[in-house]
Amino acid sequence: MHEITSRLIEKVRRTDPHQIEFHQTVTEFLSSIDKIIFDLPHIVHHRVLERLIEPERVVMFRVPWIDDDGVLQVHRGFRVQMNSALGPYKGGLRFHPSVNLSIMKFLAFEQTFKNSLTGLQMGGGKGGSDFDPKGKSDEEVMKFCQSFMTELNRHIGEDTDVPAGDIGVGSREIGFLFGQYKRLQNRFTGVLTGKGPAWGGSYMRPEATGYGLVYFAAAMMQDAKLSFDGKVCLVSGSGNVAQYTVEKLNALGAKVVTLSDSSGCIYDPEGINSEKLAYVKRLKNIARGRIAEYAEQYRGATYYPHVEVSSNQVWNFKADCAFPCATQNEIGVIDARNLVNNGVRLVAEGANMPTMAQAVHLLQEHGVLFAPSKAANAGGVAVSALEMAQNSARIQWTSEAVDLQLQKIMKGIYASASAAAERYSEKGNLVDGANIAGFLKVAHAMIDQGYV
Ligand code: GLU
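230 is the number that numbering that gives the first Met the number 0 gives to position 231 of the sequence shown; each next residue is one higher, with no gaps.
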């Protein structure tokens, strides 16, 4: 690595020694930018990289709420407003016990380049809380969301910062958050995306991340003269992204044999067909149950509780393609080796940064087609931008119209990431391609806007 980039990595490590995930994402990003650093003297001159790694603003706040037993609980709330060069801050809210400043900064950093790649006008941000919605009653979740929004409302706005969902934040939470925002501000406005279609939401927003992921992967397959027809696929997670990934893979003739949650995974060699997927949607979205119940419902399937810390069972079945849709760092080096040994030819990331850097290198060395999350899972935020546009115009587009735009956007992202890979790195290296294409647009906008 060149001195400029290694000095910056060193600086991030020194300044915030505990922010492991943030170091990880900055290191991965700078390893790509390193390849073009001497072609970009003006970017170096204007110190764009130094400015990029520092969030424009970070808000941290206390979230007190009273549980069903009448006990006061206190959680920590965050909103990282990373970069507004291309538009209002945009990115989801994550409610999960693992949430901390490092995870928020890593997600907001990734989001900045992901949003840039969509070609739509959005800056990057992310927020959330260490609150765990799992096992909480609807009333507890509502009380928590109301308290969270009581602070957050003063920092967001349809032209300032527009949050959405992420892990632990789905349509139920967006509803409670939106209700409280409206009550505090007395304004019905597009301040959140992922709203219900009857009250300002866009059709296809729930489907967008999973469908977009498969559209992106299909474009890669097509370039490699392959198709999904008859392919066996591994999918991890069982939330929104995983569900709609399975739905679109089924529609293209693939067979998905796994799903997982934080307790374990199921393997169904017969495939998770549309009837079984409808069961998973009811189980996860309405009954809020565990994926283990799938194996009780469908006897041909086996449940494997997570035991090993160093490897994940989902990645140890014979398959052609893998779609990590659970969370960050779910594919380590051992998992990557398992994937290669089990015949996997394509890995497309539905979750944010699910594959660790060394695992990515191993997959690439073995010729596995690899789609990084900031390009491959951008369909969700892209349709969020379409929701913002519909809200501004006070209209609603049909599902078909949104789906067509989504397909066009995903093809566009694939085209710009592959073109940047070929021009600045090597053909097919979409990690470098996505980082460089996403970065150049943000960097030029920052230079145009002066030293801010
Ligand atoms: N949380 C999603 C992501 O990681 C969506 C963000 C949004 O729609 O604003 O991109």
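Beta carbons are placed, not taken as given, at the ideal position from N, Cα and C, and that holds for glycine.
Query, Result
"From the DSSP output, read off the bridge partner residues of Lys254.", "Val231"
"Does the beta-carbon distance from Ala291 to Ser310 come in below 9 Å?", "no"
"Tell me the rounded alpha-carbon separation between Asp477 and Lys283.", "Residue 477 is absent from the model: the chain starts at 0 and stops at 451."
"With a CB to CB cut of under 6 Å and the five nearest residues on each side skipped, what residues in its chain are close to Glu53?", "none"
"Could you tell me the boundaries of the alpha helix (DSSP H) in which Lys113 lies?", "Leu100 to Leu116"
"Report the residue ranges of all alpha helix (DSSP H) runs contained in full by the stretch 353-386; include only those spanning at least 4 residues, in chain order.", "356-364 and 372-375"
"Which whole runs of the beta strand (DSSP E) in the stretch 155-207 are 3 residues long or more, in chain order?", "160-163"
"Cβ of Asp129 versus every heavy atom of the ligand GLU: is any distance shorter than 8 Å?", "no"
"Check the DSSP bridge columns for Lys537 and list the partner residues they point to.", "What the structure shows of the chain is the stretch from 0 to 451, and residue 537 is not part of that stretch, so it cannot be assessed."
"Straight-line CA distance for Ile166 to Val79?", "16 Å"
"So Cys144 is in the alpha helix (DSSP H); what residue range does that whole segment cover?", "Asp137 to Leu151"
"Would you kindly report the start and end of the unbroken alpha helix (DSSP H) that includes Gly270?", "Careful: Gly270 lies outside any alpha helix (DSSP H) and carries neither H nor E."
"Put Met220 into one of helix, strand or coil per three-state DSSP.", "helix"
"Quick check on the DSSP output: what are the complete beta strand (DSSP E) runs of length 3 or more inside the stretch 29-85, in order along the chain?", "56-65 and 71-82"
"Measuring CB to CB, does Cys320 end up less than 9 Å from Leu233?", "yes"
"Going by alpha carbons, who is nearest to Thr111 out of Pro132, Tyr88 and Gly127?", "Tyr88"
"Roughly how many angstroms lie between the CA atoms of Val213 and Glu172, to the nearest whole one?", "26 Å"
"Quick check on the DSSP output: the alpha helix (DSSP H) that includes Gly432 runs from which residue to which?", "Leu429 to Asp447"
"On the CB-based measure, 16 or more other CB atoms within 10 Å of its CB, does Ser146 come out buried or exposed?", "buried"
"DSSP state of Tyr297, grouped into three classes?", "coil"
"Starting from the N-terminal side, write out each stretch of the alpha helix (DSSP H) that is 4 residues or longer and does not extend beyond the stretch 318-346.", "332-340"
"Please classify Pro268: is it buried, with 16 or more other beta-carbons within 10 angstroms of its beta-carbon, or exposed?", "exposed"
"Is Gly127 closer than 9 Å to Arg93 when the C-beta atoms are compared?", "yes"
"Within a Cβ cutoff of 6 Å, which residues of the same chain sit near Asp453, ignoring the five residues on either side of it in sequence?", "The structure shown does not extend to residue 453, since the chain is modelled only from 0 to 451, so the question has no answer here."
"Check whether the Cβ of Asp38 lies closer than 8 Å to any heavy atom of the ligand GLU, and answer yes or no.", "no"
"Does the beta-carbon of Lys133 have 16 or more other beta-carbons within 10 angstroms, so that it is buried, or is it exposed?", "exposed"
"Excluding the 5 residues flanking Ile19 on each side, which residues of the same chain have their C-beta closer than 7 Å to its C-beta?", "Ser101"
"To the nearest angstrom, how far is the alpha carbon of Glu364 from that of Ser97?", "32 Å"
"Counting Cβ pairs, one atom from each stretch, are 3 or more of them under 8 Å apart for the stretch 364-378 and the stretch 167-186?", "no"
"Given a threshold of 16 other Cβ atoms within 10 Å of its Cβ, counted over all protein chains shown, does Tyr293 qualify as buried or as exposed?", "buried"
"Measuring straight from C-alpha to C-alpha, what distance separates Asn390 and Val382?", "12 Å"
"Pop quiz: Val11 and His22 are said to be a contact at Cβ under 8 Å. What is the actual Cβ separation, rounded to whole angstroms?", "6 Å"
"Considering only their Cβ atoms, is the gap separating Arg75 from Val62 smaller than 9 Å?", "yes"
"What is the DSSP secondary structure of Leu7, counted as helix, strand or coil?", "helix"
"Measuring CA to CA, which of Asp15, Ile3 and Ile35 is closest to Asp431?", "Ile35"
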